[in-house]
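A.B. asks: Sharing a structure here in structure tokens format.
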Ligand code: HEC
């Protein structure tokens, strides 16, 4: 009897722990990191870009991704049409898996070509505005997340062309 109960309970328990999984990449923006960790690396964007990006994000992106870029809590689950909801862009989902080139393209052409639903913005936003928005988005990422993204981005750039070490 006991075993049977466990079997019934297990999927529920697994669901509970699985769902909150973005724990490994929490929203803990200002949490103290390990002493052994090196100093935060410099970001590619300026404070001015963050400031310009904020109102642009509110105008074009916030309706889906939320004004604070927190997106949809259950962003891993598809809806009845098999489509994904707007994910958080604040570093808690997997936006940091994508190099800058991919992030730019996503905003520019949207997700429709890949079977998603996000509209493209190339007709409304120029390259500088897209970069300003991405600067604002990334300003929500912890130093830890940014570092991981930075390394992946450098890796991706290496594969494309010689790095412009600006
Ligand atoms: C109509 C709703 C909608 C709007 C408006 C919208 N998005 Fe999205 N966005 C989505 C959805 C839904 C996805 C998931 C992929 C898909 O379905 O295309 C997504 C995915 C993304 C991704 C990829 C995230 C990841 O983790 O892979 C980025 C980056 C992004 N959006 C940025 C933006 C930015 C920046 C804007 C404003 C310029 C914006 N989005 C406007 C709905 C939207």
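In my numbering, the protein residues as written are -13 to 152.
A virtual CB, placed ideally from N, CA and C, is assigned to each residue, including glycine.
Bear in mind that the values here come from a model prediction, so they are computed numbers and not experimental data.
Roughly how far, in whole angstroms, is the beta-carbon of residue 48 from the beta-carbon of residue 74, given that I think they are within contact range, below 8 Å?
C.D. replies: About 12 Å separates the beta carbon of residue 48 from that of residue 74, a gap too long to meet the 8 Å contact definition.
A.B. asks: Quick check on residue 112: buried or exposed, where buried means 16 or more other Cβ atoms within 10 Å of its Cβ?
C.D. replies: Answer is exposed; the Cβ neighbour count stays below 16.
A.B. asks: Using three-state DSSP, classify residue 54 as helix, strand or coil.
C.D. replies: Note: residue 54 maps to coil in three-state DSSP.
A.B. asks: Could you check which residue in 130, 145, 44 and 142 has the C-alpha nearest to that of residue 29?
C.D. replies: 130
A.B. asks: Taking the alpha helix (DSSP H) that residue 39 belongs to, which residues open and close that run?
C.D. replies: 33 to 46
A.B. asks: With distances taken between CB atoms, is the gap from residue 36 to residue 135 smaller than 9 Å?
C.D. replies: no
A.B. asks: With 16 other CB atoms within 10 Å as the buried threshold, where does residue 83 fall?
C.D. replies: Per the 10 Å Cβ criterion, exposed.
A.B. asks: Taking only the alpha-carbon atoms, compute the straight-line gap between residue 50 and residue 31 and give it to the nearest angstrom.
C.D. replies: Approximately 24 Å, taken between the alpha carbons.
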